[in-house]
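**Student:** As numbered in my numbering, residues 447 to 549 make up the sequence shown, in order. No residue lacks a Cβ here, since even glycine has one placed at the ideal position from N, Cα and C. Remember, predicted model here, so these are calculated numbers, not experimental data. One structure, as structure tokens, below. Some questions next.
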Amino acid sequence: MVEKVEETLRTALNNWNAMSGAAGDEAESTAEAFEASFYKFIDALREWVEGLQDRPQTLEQYMELPLVKTIVDLLPAPLYLNFETESELILDNITRIDEDKVE
């Protein structure tokens, strides 16, 4: 499961970089690709957390998990707040409906 989280994170980061360098007509399609890949990463992360035997009960415990620390180190600063928000939803067992997903 860790591999799936890492793979989807790499894809999201690649799409983030593509979006950051996009202009004009390309900007919209790269933004959509990033958004889709970000939520695919969040879904993989959710599956991983749900599969933990000793699931964290607080955001502080969650942020101390080695995989989460690695993710935070790799995330561009503008994505941290989104990641933290989604992490809180994971811990609260709340799944966003597609139209509720925001960036």
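What does the alpha-carbon distance come out to for the pair residue 475 and residue 488?
**Tutor:** Counted from its first residue, the sequence shown places residue 475 at position 29. Counted from its first residue, the sequence shown places residue 488 at position 42. Taking the straight line from one Cα to the other gives about 20 Å.
**Student:** What did DSSP end up calling residue 456 once you bin it into helix, strand or coil?
**Tutor:** Along the sequence shown, read from residue 1 onward, the residue named residue 456 stands at position 10. It is helical.
**Student:** Taking only the alpha-carbon atoms, compute the straight-line gap between residue 461 and residue 499 and give it to the nearest angstrom.
**Tutor:** Taking the sequence shown and counting its residues from 1, one reaches residue 461 at position 15. Taking the sequence shown and counting its residues from 1, one reaches residue 499 at position 53. Roughly 32 Å between the two C-alpha positions.
**Student:** Report the rounded CA-to-CA distance for residue 493 versus residue 517, giving the unit in angstroms.
**Tutor:** Taking the first residue of the sequence shown as position 1, residue 493 is located at position 47. Taking the first residue of the sequence shown as position 1, residue 517 is located at position 71. Rounded to the nearest angstrom, the two C-alpha atoms are 15 Å apart.
**Student:** In chain order, what are the residue ranges of uninterrupted alpha helix (DSSP H) at least 4 long that sit wholly in the stretch 465–515?
**Tutor:** Qualifying alpha helix (DSSP H) stretches, in chain order: 471–496 and 505–509.
**Student:** I'd like the span of the alpha helix (DSSP H) that includes residue 536, first residue to last.
**Tutor:** Sequence index remark: in the sequence shown, residue 536 carries index 90 (1-based). Per DSSP, residue 536 belongs to the alpha helix (DSSP H) from 523–537.
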